[in-house]
Amino acid sequence: MVYGRAHDPVSVSMGTTQKGSTPYIDPENPATDDAAVDFFIFPMSIYNDGSNNVMAQYGMIINSKGVNIKDPAKPIKKAGAGTTHMAALSYQLDGLGEDSDFLDGSTIFASAAMTMTDPDDGYKMLGSTDSETGYSFWAGFIFPDMFTDGGRIGLEYNWGSEYWTPMTWAEDTIIGSKIATRGSAYEAYWNIPIVGKNLTAQLRYTYLDYDYRANTTCYWDDPEDKNLDYSQDFRAYLRYRY
4 MVYGRAHDPV SVSMGTTQKG STPYIDPENP ATDDAAVDFF IFPMSIYNDG SNNVMAQYGM
64 IINSKGVNIK DPAKPIKKAG AGTTHMAALS YQLDGLGEDS DFLDGSTIFA SAAMTMTDPD
124 DGYKMLGSTD SETGYSFWAG FIFPDMFTDG GRIGLEYNWG SEYWTPMTWA EDTIIGSKIA
184 TRGSAYEAYW NIPIVGKNLT AQLRYTYLDY DYRANTTCYW DDPEDKNLDY SQDFRAYLRY
244 RY
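To convert, count from 1 in the sequence shown and add 3; that's this note's numbering.
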């Protein structure tokens, strides 16, 4: 189990400006309607024989951030609005067969996930006062490039529904998180070992095709309020590890 907390009232003494201390939250200030966010994650390994790997995960976030609409004339964003439930089931196969080096060195994976928001009375999450469920699917194929020593090529696709919001939308590219996409995401990459594992390179292209609003906040934005049609990123890097 993993436990974490954010927006903790203990943080009120942290942060400084020219005017002095700047609290992250003020539990005594009803204008912010903020509250500590507690989350619990339960990662599970269901089966692993060294080749077949089945994994699952359940998580819950308490006081997820949404919108306080108790006074419709003065909605309060980023308020502690309700509870979020998350679950995922994943499968990975390392080695597709022993008939060739290509099959033996290949990996496929697939993952299905869901998130469910449950706003409290007087609050909205993802533009809704009702409980909403989002879904996501992610699959990939990684295989030897067959013309370098250890080089691998990967092809990945993932899709998210209107109310899909993962645990984090932390950016894995400069255009945002592909896993958090509400719509379709396509990615291709080539990992190239130049000198063993110490000096490596990568070429990577990512294309995000949005059906709904880009997933860049907690739960106070409405997915129907679309702000992007698509985004794309190309990356080339050289990395040295010592």
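Glycine is no exception: its CB is placed at the ideal position from the N, C-alpha and C atoms.
Counting pairs of beta carbons, one from the region 110-127 and one from the region 77-86, are three or more of them closer than 8 angstroms? With contact defined as three or more Cβ pairs closer than 8 angstroms, the region 110-127 and the region 77-86 are in contact.
Proximity below 8 angstroms, CB of Gly137 to CB of Ser164: In this structure, Ser164 lies closer than 8 angstroms to Gly137 by Cβ.
Chain D within 8 angstroms of Asp102, Cβ atoms only: Annotation note: the requested chain D is absent from the structure, which comprises a single protein chain.
Considering only residues of the same chain and omitting the five flanking positions on each side of Ala173, which have a CB-CB separation below 8 angstroms? Taken in chain order, the residues that qualify are Ser180.
Please specify which runs of the alpha helix (DSSP H), each continuous and at least 4 residues long, are wholly inside the region 76-130, giving them in chain order. 104-107, all fully within the region 76-130.
Going straight from the alpha carbon of Ala9 to that of Asp41, what length do you get? Using only the alpha carbons, I get a separation of about 7 angstroms.
Based on the DSSP output, what are the partners of Lys73 in its beta bridges? DSSP output for Lys73 lists no bridge partner at all.
Arg216, enclosing beta strand (DSSP E) - first and last residue: Counting along the chain, Arg216 falls outside any beta strand (DSSP E), and DSSP gives it neither H nor E.
Identity of the residue in Ala39, Asp148, Gly186, Asp52 nearest Tyr160 by Cα: Residue Gly186 holds the alpha-carbon nearest to the alpha-carbon of Tyr160 among Ala39, Asp148, Gly186, Asp52.
Helix, strand or coil, according to DSSP, for Lys68 in the structure here? Looking at Lys68 - three-state DSSP - the assignment turns out to be strand.
Tell me whether Thr171 is buried or exposed, calling it buried when 16 or more other Cβ atoms sit within 10 Å of its Cβ. In this structure Thr171 is exposed. Its beta-carbon is surrounded by fewer than 16 other beta-carbon atoms within 10 angstroms.
Is it a yes or a no for the region 43-51 touching the region 197-209, going by three-plus beta-carbon pairs under 8 angstroms? With a cut-off of 8 angstroms, the region 197-209 and the region 43-51 do not count as touching, because too few Cβ pairs lie within range.
Under the assumption that Leu211 contacts Ala188 (Cβ atoms under 8 angstroms), give the Cβ distance between them as a whole number of angstroms. Correct: roughly 5 angstroms between the Cβ atoms.
Under the rule that 16 or more other beta-carbon atoms within 10 Å means buried, what is Met149, buried or exposed? Exposed is the call here.
Buried or exposed, going by whether 16 or more other CB atoms sit within 10 Å of the CB of Arg216? Flag for Arg216 reads buried.
Can you grab the Cα-Cα spacing for the pair Met4 / Phe43, in whole Å? C-alpha separation (whole angstroms): 7 angstroms.
8 angstroms Cβ cutoff met for Ser114 and Ala90: A distance of 8 angstroms or more separates the beta carbons of Ser114 and Ala90.
Rounded C-beta distance between Val57 and Tyr94? I'm assuming under 8 angstroms. Indeed, because the Cβ distance is near 5 angstroms, the residues count as touching under 8 angstroms.
Phe237 vs Tyr208 beta-carbon contact at 8 angstroms: Yes, the Cβ-Cβ distance between Phe237 and Tyr208 is below 8 angstroms.
If we ignore side chains and look at the alpha-carbon of each, how far apart do Asp37 and Lys81 end up? Rounded to the nearest angstrom, the gap between the Cα atoms of Asp37 and Lys81 is 7 angstroms.
Tell me whether Asn230 sits in a helix, a strand or coil according to DSSP, three-state version. DSSP places Asn230 in coil when its eight states are reduced to three.
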